[in-house]
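Quick notes on the structure that follows.
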Amino acid sequence: MFTPKILHLIRTIVKVLECTKLFPFSWDDENNNLIVSSSKVTAIWTQFFCLHYPPYFLFTVYQLYNSLKYGCHGVMDNYWMVMMGVGHIICGEGVWGPYTKKREQVNFFQQVVSFDAKMKDLVIPQKSSNIIRKSEKFATLIIKANTIAAVTGPIFMNLVYILKPTAPQYIYHAYPDHSATCANWAFLVMEIYMKSINIIGAMLFQGWFLCSVLFELTVLSMLKKSSSPLHTKITYYKYLSFVNHLHNQCYPAGMLPLRVGIFGCMTITSSVILIRMIDRIHVFEQVIILQFLITMITVPFLFLSIAGKIVEDSLDLKESMGQENTGRNFKVNRKILKSLKPFGVKVGPIRAVNYNAFNAFVTNVISGLTTVLVSYPNLK
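Take this note's numbering: the final residue in the sequence shown is number 690, and no numbers are missing along the way.
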């Protein structure tokens, strides 16, 4: 999967991120691999930048509380306050997460690249040889889609700010003198910079997760189709289980349940806005809300359905290897196979993402959306 084309795409992204001094990665051109950045500026600036998350989140919560208590703002203002608040949680995770887990992520990436090179030794039947090609196309799509979102997201978010800089979800709302030109420009530059970095961080984190899970699925599929000897498959299975363990160490404990929960709630909220209020909001807001909605449906689908498939595929592979176990090493291989355990994505309290998790997600979202639409028929 990690073909020269994919590695070149990743190298380009890492080189760009390195210029921001907010992401702790560098690219080793000599070995063509990811390494931890040795820049002290990056470490200091990342910690300083992350200081803005708690006060910004508390500010939006305070503004939302006042709005709901006194009814001083409309539905769209309340929507944006909620969106900004939860957005800073997700984006903060995308910046702070890689910083705190930088060594784990680099170690995992290096192991994956090394493992990927060894996969060439597997014997794959000709009719199944397109697995790697399909995987490369899917990985390219994930990387490019997240890159496009990282570029277009800040543009539309900042256009919304330019249209309504004094809206209650922005810090500039609390500034006493809105006629001051210097302050106006200062807040504009601050908003553009923060939103650009935050959205880039969020896209980077979910792109990393999806490519990692895709790699594991690709290896499982190749092992299942391979005609290599059983002992070779067992060795690769153990190695992949180890790589999966490294992958599970790459994220903050609450990443997966937090994202899925937030995306579910915001899918309902964004859908209600587009259904009931689309004719009363600006076109830039329509575009960004639609982009949010697509992201909040697509990401849980990929997170839950693809990640959940790892458990099922690893179990299927173990069973298929058991059926191959014949010959003079039958007893030895049987003991080894019994010791193998199915593995999957484990993040924090979630022991392993189930294959049917996305179905449960969709059921709850549709139920919640129906309840809101029926309960609030005159929402304006």
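C-beta atoms are modelled at their ideal positions from N, C-alpha and C, and glycine is treated no differently.
Judged by DSSP in its simplified three-state form, ASP431 adopts helix.
For the pair ASN341 and ALA484, the Cα-to-Cα distance works out to about 50 Å.
Under the 8 Å Cβ criterion, the region 351-358 does not count as touching the region 389-404, having fewer than three qualifying pairs.
In this structure, the straight-line span from the alpha carbon of ILE320 to that of PHE552 is close to 23 Å. Judged by their CB atoms, PRO464 and ILE400 are not nearer to each other than the 9 Å cut-off.
Taking a contact as a CB-CB distance under 8 Å, the pair LEU683 and VAL582 counts as one, their CB atoms being some 7 Å apart.
Scanning the region 611-667 from its first residue to its last, the whole alpha helix (DSSP H) runs of 4-plus residues come out as 617-634 and 640-649. Close CB contacts of VAL499 within its chain, under the 7 Å cut and outside five residues either way in sequence, are absent.
Shortest Cα-Cα distance from LYS412 to any of GLN559, VAL609 and TYR686 involves GLN559. For LEU550, the enclosing alpha helix (DSSP H) has its first and last residue at 540-558. Of the candidates TRP390, GLU629, ASN343 and ILE323, TRP390 places its Cα closest to the Cα of SER580. In this structure, TYR561 and LEU627 do not form a Cβ contact; the two beta carbons are roughly 24 Å apart against a cut-off of 8 Å.
Counting only residues of its own chain and dropping the five nearest sequence neighbours on each side, LEU550 has a CB closer than 6 Å to the CB of VAL529. Between the C-alpha atoms of TYR366 and PHE668 there is a straight-line separation of about 32 Å. Annotated as distal: LEU533 and ILE620, with beta-carbon spacing of 9 Å or more. Within its own chain, the residues whose Cβ lies closer than 6 Å to the Cβ of LEU374, once the five positions on either side in sequence are excluded, are MET391, listed in chain order. Proximity of the region 512-524 to the region 608-617 meets the contact definition, three or more beta-carbon pairs being nearer than 8 Å. Going by C-alpha positions, GLU629 is about 10 Å away from LYS648. Around the CB of PRO334, 16 or more other CB atoms lie within 10 Å, so the residue is classed as buried. Comparing alpha-carbon positions, the option among THR577, TYR380, CYS382 and THR476 lying closest to ALA493 turns out to be THR476. Rounded to whole angstroms, THR370 and ALA617 show a C-alpha spacing of 33 Å. Residue pairing by DSSP places VAL346 opposite PHE335 in a beta bridge.
Listed in chain order, the alpha helix (DSSP H) elements of length 4 or more contained wholly in the region 563-611 are 565-587 and 593-610.
At a Cβ-Cβ threshold of 9 Å, GLY654 and CYS575 do not count as neighbours. With fewer than 16 other beta carbons inside 10 angstroms of its own, THR680 counts as exposed. Apart from sequence neighbours up to five positions away, the residues of its chain that approach VAL396 with a beta-carbon distance below 7 Å are ILE572 and MET576, ordered along the chain. A straight line joining the alpha-carbon of ILE502 with that of SER445 spans about 35 Å. Contact check for TRP337 against VAL346 fails: the beta carbons are separated by 9 Å or more.
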